[in-house]
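Visitor: Below: one structure in structure tokens.
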Amino acid sequence: MLLRRKFLLTICLTLACSFQTKADNTGMPSAPAASTANHPAPSPKIQNDDCFLCHDTMHAEKFSRSAHGGHLCTSCHSDIHEIPHEDKLVPVKCGECHRLESDIYTASDHGIALKSGLPAAACLDCHGEPHQILGSRREDSPVNRVNIAETCAKCHEDEKKWHLLICLRKHL
């Protein structure tokens, strides 16, 4: 059992340094699949600048520096085929591209709690605003190893220090 935990910890640590998200923005992980970061083919006729004409609150500059900045808006918002688009869009599911992370999240304490109907952190709770998510290796990322304690403390501020240390060991 101890060997299994060490193995899982090693995998989690490796992935924490490489990947960003685990579940969709509704809090529910997407169905797991075989590969990771397999972004769907975006609509080639709609470019990000087209989106920023109306969605100026997305801050094009911040988006371009984000972990998703190299993708078209329609890579995630794949139900947009023309501009203007419908007001109500299909919720983006992070797990459709970040499948391995979704599997890890589903097996985590947060994923198990959420599946049981209990309140639990989902992707955006830790990683931040979806259009400005930063890679975990960036020092200004909320999930960077130097910031993870502060990020966890947003929900676990009343927890005993030993619990936070256990949590940190899972993420560092």
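If you count by mature numbering (1 follows the signal peptide of the UniProt record, and there is no 0), then the sequence shown holds residues -23 to -1, 1 to 149, one letter each, in order. By construction, the Cβ of each residue, glycine as well, lies at the ideal position given by its N, Cα and C atoms.
(1) In whole angstroms, what separates the C-alpha of aspartate 80 from that of isoleucine 57?
(2) Taking the CB atoms as reference points, tell me whether isoleucine 60 and aspartate 27 lie closer together than 7 Å.
(3) Does the distance from the CB of valine 120 to the CB of serine 113 come in under 7 Å?
(4) Applying the 10 Å Cβ sphere with the 16-neighbour rule, what's the burial state of serine 7?
(5) Kindly indicate which three-state DSSP category lysine 92 falls into: helix, strand or coil?
(6) Report back the beta-carbon spacing between serine 43 and histidine 108 to the nearest angstrom; my notes put them in contact at under 8 Å.
(7) Helix, strand or coil for glutamate 59, going by three-state DSSP, please let me know.
Guide: Let's see:
(1) What you label residue 80 is simply residue 103 of the sequence shown in a count that begins at 1. What you label residue 57 is simply residue 80 of the sequence shown in a count that begins at 1. Those two C-alpha atoms are separated by around 27 Å.
(2) Taking the sequence shown and counting its residues from 1, the one referred to as residue 60 is at position 83. Taking the sequence shown and counting its residues from 1, the one referred to as residue 27 is at position 50. Yes, Cβ-Cβ distance for isoleucine 60 and aspartate 27 is below 7 Å.
(3) Counting from one through the sequence shown, the residue named residue 120 turns up at place 143. Counting from one through the sequence shown, the residue named residue 113 turns up at place 136. Yes, these two residues count as a Cβ contact at 7 Å.
(4) Your numbering for residue 7 matches position 30 in the sequence shown. Confidence is the limiting factor: at serine 7 the pLDDT is only 44, short of 50, which leaves the residue's position unreliable, though a coordinate-based value still follows. Label assigned to serine 7: buried.
(5) Stepping through the sequence shown from its first residue, residue 92 is reached at position 115. Three-state result, lysine 92: helix.
(6) On the sequence shown, position 66 is the one that residue 43 refers to. On the sequence shown, position 131 is the one that residue 108 refers to. With 8 Å as the limit, serine 43 and histidine 108 qualify as a contact, their Cβ atoms being about 6 Å apart.
(7) Counting from one through the sequence shown, the residue named residue 59 turns up at place 82. Of the three classes helix, strand and coil, the one that applies to glutamate 59 here is coil, per DSSP.
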